[in-house]
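**Q** Residue numbers (the working numbering): 11 to 183. C-beta atoms are modelled at their ideal positions from N, C-alpha and C, and glycine is treated no differently. As the structure is a prediction and not an experimental result, all values here were calculated from the model.
1) At a cut of 8 Å, does the segment 47–58 reach the segment 99–107 through at least three beta carbon pairs?
2) According to the neighbour-count rule (16 or more other Cβ atoms, all chains shown, within 10 Å of its Cβ), is residue 174 buried or exposed?
3) Going by Cα to Cα distance, which pick from 61, 177, 100 and 124 is closest to residue 43?
4) Hey, quick one: how far does the alpha helix (DSSP H) through residue 57 stretch, first residue to last?
5) Within 10 angstroms of the Cβ of residue 153, are there 16 or more other Cβ atoms? Answer buried if so, exposed if not.
6) Below 8 Å between beta carbons: does that hold for residue 126 and residue 73?
7) For the alpha helix (DSSP H) that contains residue 102, what are its first and last residues?
8) Measure from the alpha carbon of residue 96 to the alpha carbon of each residue in 145, 48 and 137, then state which is nearest.
9) Using alpha carbons as the reference points, say which of 47, 78 and 82 lies closest to residue 66.
10) Using 10 angstroms around the beta-carbon of residue 10, count the other beta-carbons present and answer buried if the total reaches 16, otherwise exposed.
11) Straight-line CA distance for residue 184 to residue 177?
12) How far does the alpha helix (DSSP H) with residue 154 in it reach, from first residue to last?
13) If you count every other CB in all the chains shown that lies within 10 Å of the CB of residue 112, and 16 or more means buried, which is it?
14) Please classify residue 14 as buried or exposed, where buried requires at least 16 other C-beta atoms within 10 Å of its C-beta.
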């Protein structure tokens, strides 16, 4: 968890720390990340790092959350009913934003290694399990399409076409 001390830092200092975190977590999976490299790049004392974050997982969580806010460009929208076109547009926008962002390598490492390492957020898991069947299936397809498209740029168009077709199959007549 990010401390109140960190939240009270100047924007400039927070930005410097965030850049050091981004460099570390975009280069190394969480299991191989080192506080020593982060504090050196950020120009802060090791003790200050632990004053700001409980551990590397907390620092990673802070940065990943920051990345998702920037890439998603807004709060998540709750659907009243299933809309395949909404899901498709949201996913394509996310992929395009990710590919063109400073967070691209971070997100790829998250999907390939860190996601399994940090485990599941229980609140998010509960919310996911309470979705209606169409939205749940669309979310599963969405996450898979994102994963495939980010790692296979050559087949991105085919992946997104298949994803769109699959979403349309979920829509009840």
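**A** The relevant details are as follows:
1) no
2) Looking up residue 174 in the chain shown gives position 164. Result: buried.
3) Here residue 43 refers to the residue found at position 33 when the chain shown is read from its first residue. Out of 61, 177, 100 and 124, 124 has the C-alpha closest to the C-alpha of residue 43.
4) Taking the chain shown and counting its residues from 1, one reaches residue 57 at position 47. Per DSSP, residue 57 belongs to the alpha helix (DSSP H) from 56–62.
5) Indexing the chain shown from 1 puts residue 153 at position 143. Exposed, because fewer than 16 other Cβ atoms sit within 10 Å of the Cβ of residue 153.
6) Residue mapping note: residue 126 aligns to position 116 of the chain shown, counting from 1. Residue mapping note: residue 73 aligns to position 63 of the chain shown, counting from 1. In this structure, residue 73 does not lie closer than 8 Å to residue 126 by Cβ.
7) Taking the chain shown and counting its residues from 1, one reaches residue 102 at position 92. From DSSP, the alpha helix (DSSP H) with residue 102 extends over 94–109.
8) Counted from its first residue, the chain shown places residue 96 at position 86. With distances taken between Cα atoms, residue 96 lies closest to 145.
9) Here residue 66 refers to the residue found at position 56 of the chain shown. Out of 47, 78 and 82, 47 has the C-alpha closest to the C-alpha of residue 66.
10) Because the chain is modelled from 11 through 183, residue 10 falls outside the range shown and cannot be assessed.
11) No answer is possible for residue 184: it lies beyond the span of the chain, which begins at 11 and ends at 183.
12) In the chain shown, residue 154 corresponds to position 144, counting from 1. That run of the alpha helix (DSSP H) goes 143–161.
13) Mapped onto the chain shown, residue 112 falls at position 102. Label assigned to residue 112: exposed.
14) In the chain shown, the residue the question calls residue 14 occupies position 4. Flag for residue 14 reads exposed.
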